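Asker: Quick one: this structure, given as structure tokens, is what I'll be asking you about.
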Amino acid sequence: MPMKDDLHVETISPDIEAMLEASVRMFWKRGYESTSFDDVVDAMGVPKEFVEGAFSNKEELYTAATRWYLHNYGRRLLSGFAMHSNCVDAIRVALYECVDVLCDKTDSDGCLLSTGLLEISTQDSILAREITELRNTMVDAITHKLTNCKDSLKPDTDIETLARFYAATLQGLASQCKDGATKEQLYRVVDMSMKVLDCYRIN
Numbered sequence: 001m002p003m004k005d006d007l008h009v010e011t012i013s014p015d016i017e018a019m020l021e022a023s024v025r026m027f028w029k030r031g032y033e034s035t036s037f038d039d040v041v042d043a044m045g046v047p048k049e050f051v052e053g054a055f056s057n058k059e060e061l062y063t064a065a066t067r068w069y070l071h072n073y074g075r076r077l078l079s080g081f082a083m084h085s086n087c088v089d090a091i092r093v094a095l096y097e098c099v100d101v102l103c104d105k106t107d108s109d110g111c112l113l114s115t116g117l118l119e120i121s122t123q124d125s126i127l128a129r130e131i132t133e134l135r136n137t138m139v140d141a142i143t144h145k146l147t148n149c150k151d152s153l154k155p156d157t158d159i160e161t162l163a164r165f166y167a168a169t170l171q172g173l174a175s176q177c178k179d180g181a182t183k184e185q186l187y188r189v190v191d192m193s194m195k196v197l198d199c200y201r202i203n
């Protein structure tokens, strides 16, 4: 049962994935400090020896669960970029997908993602590190898409700043969702943000 030294989220087995999903829910419900290793084992519904064979301690389990959770959501957030060669369509679809994820009330209310995109306690260094990596991945993905589409953009387009504008838009969507905005309202925000990119496109 491969786990101890590193977590390769792309190749983990279904049984480990189920354990990570259960642990994410428990950690989010009760918080890291208030959740013991035994609490998570109970939530998983598997023998403790099985869990101990995969994870050395609570911190290792939490790190793995957080990385798995954010990898899954990050992959979903970035899926729109691969679907469209046009940068406007790609970024719009990606931001729509962000809205869907952030407003999803069936999976921990999207809380880990939406809260993480906005503010992370300095005490939670594990989550802060993984969220920072996700944020940087988003900026890199948008930058890459805009760079690939630079022939359709004006020569003086500041691609890096434009990418950070849309990363900031994502954080704004998270904030609005947390404050109770509906999907339809946030879709309209996305549509309005695309007008910025339209200003840099070559007609």
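Mapped onto the UniProt record's numbering, the consecutive letters of the sequence shown carry residue numbers 1 to 203.
By construction, the Cβ of each residue, glycine as well, lies at the ideal position given by its N, Cα and C atoms.
Given the structure is predicted, the values throughout are model-derived calculations rather than measurements.
#1: Measure the alpha-carbon distance for Y166 versus K48 and round it to whole angstroms.
#2: Distance, Cα to Cα, Y73 vs C199?
#3: Only counting runs of 4 or more residues, tell me where the alpha helix (DSSP H) segments fall wholly within the UniProt domain "HTH tetR-type" (13 to 73), in order along the chain.
#4: Taking the C-alpha atoms as reference points, what is the distance between K154 and T169?
#5: Just the C-alpha distance for M194 and D89, rounded to the nearest angstrom, thanks.
#6: Quick check: the Cα distance between I159 and L173, rounded to an integer number of angstroms?
#7: Check whether the Cβ atoms of V190 and Y96 sit closer than 8 angstroms, and answer yes or no.
#8: Among L186, P14, S13, D42, whose alpha-carbon lies nearest the alpha-carbon of F27?
#9: What's the gap between the Cα of D100 and the Cα of R135?
#10: Between which two residues does the alpha helix (DSSP H) harbouring T161 extend?
Answerer: In terms of the structure at hand:
#1: Mapped onto the sequence shown, residue 166 falls at position 166. Mapped onto the sequence shown, residue 48 falls at position 48. Approximately 44 angstroms between the Cα atoms of the pair.
#2: Here residue 73 is taken as the residue at index 73 of the sequence shown, counted from 1. Here residue 199 is taken as the residue at index 199 of the sequence shown, counted from 1. If I take the Cα positions, the gap works out to 30 angstroms.
#3: 14 to 30, 37 to 44, 48 to 54
#4: For this step, residue 154 is matched to residue 154 along the sequence shown. For this step, residue 169 is matched to residue 169 along the sequence shown. Cα to Cα, K154 sits roughly 22 angstroms from T169.
#5: Working through the sequence shown from its first residue, we reach residue 194 at position 194. Working through the sequence shown from its first residue, we reach residue 89 at position 89. Rounded to the nearest angstrom, the two C-alpha atoms are 9 angstroms apart.
#6: Indexing the sequence shown from 1 puts residue 159 at position 159. Indexing the sequence shown from 1 puts residue 173 at position 173. Each residue's Cα considered, the two are about 21 angstroms apart.
#7: Position 190 of the sequence shown, counted from the first residue, corresponds to residue 190. Position 96 of the sequence shown, counted from the first residue, corresponds to residue 96. For the pair V190 and Y96, the CB atoms are nearer than the 8 angstroms cut-off.
#8: Position 27 of the sequence shown, counting from 1, holds the residue named residue 27. Among L186, P14, S13, D42, the Cα nearest to that of F27 belongs to D42.
#9: On the sequence shown, residue 100 is found 100 positions in, with the first residue counted as 1. On the sequence shown, residue 135 is found 135 positions in, with the first residue counted as 1. Computed Cα separation, rounded: 17 angstroms.
#10: Within the sequence shown, residue 161 is the residue found at index 161, counting from 1. First-last of the alpha helix (DSSP H) with T161: 159 to 178.
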